[in-house]
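Position one of the sequence shown corresponds to residue 203 (the working numbering), numbered consecutively onward. To start, the structure itself, in structure tokens.
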Amino acid sequence: MLIKVTGVILTGDINLATTCYSQGCDVAGLMLIAQATADRSLLEKVASMAKEKEMWNVAFSASLLLGDAEGCVDILVDSHRLPEAVFFARTYCPSKLVNKDSDLFESWR
């Protein structure tokens, strides 16, 4: 199947390749197509699929490409990477550091 899908990509039938990757739940393959075609809606789909499957690296990359800094912090927290979440939040969305609902910095300490 992989060789067939790769051949589909090489021939330029991106829609068919996207369908194959979607039906096969190949999140990394969909990420590749989303980046190559600059398809924002597909990238959003990839981010949500990756979160559901707990593929944290793919989910983080997709959210970062979408410019969703708060989503990136949430992914880092969900994946139990609190030090990285604190440093990322401090740099890209300081409002997440001290929130009325939860204090990210205190959780890390």
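Backbone N, C-alpha and C fix where the C-beta goes; we use that ideal spot for every residue, glycine too. Computed from a prediction, not measured in an experiment: that's the story for all the values here.
Item	Value
Helix, strand or coil for SER243 per DSSP?	helix
Using the three-state DSSP reduction, which class does CYS295 fall into: helix, strand or coil?	coil
Give the straight-line distance between the Cα atoms of GLU254 and ASP280, rounded to the nearest whole angstrom.	11 Å
Quick check on GLU272: does DSSP put it in helix, strand or coil?	helix
Can you give me the Cβ contacts of ALA236 inside the same chain, cut-off strictly under 6 Å, excluding the 5 residues immediately before and after it?	LEU244, LEU245, VAL248
Which stretch, first to last residue, makes up the alpha helix (DSSP H) that contains CYS222?	216 to 225
For VAL288 and MET257, I'd like the C-alpha separation in whole angstroms.	20 Å
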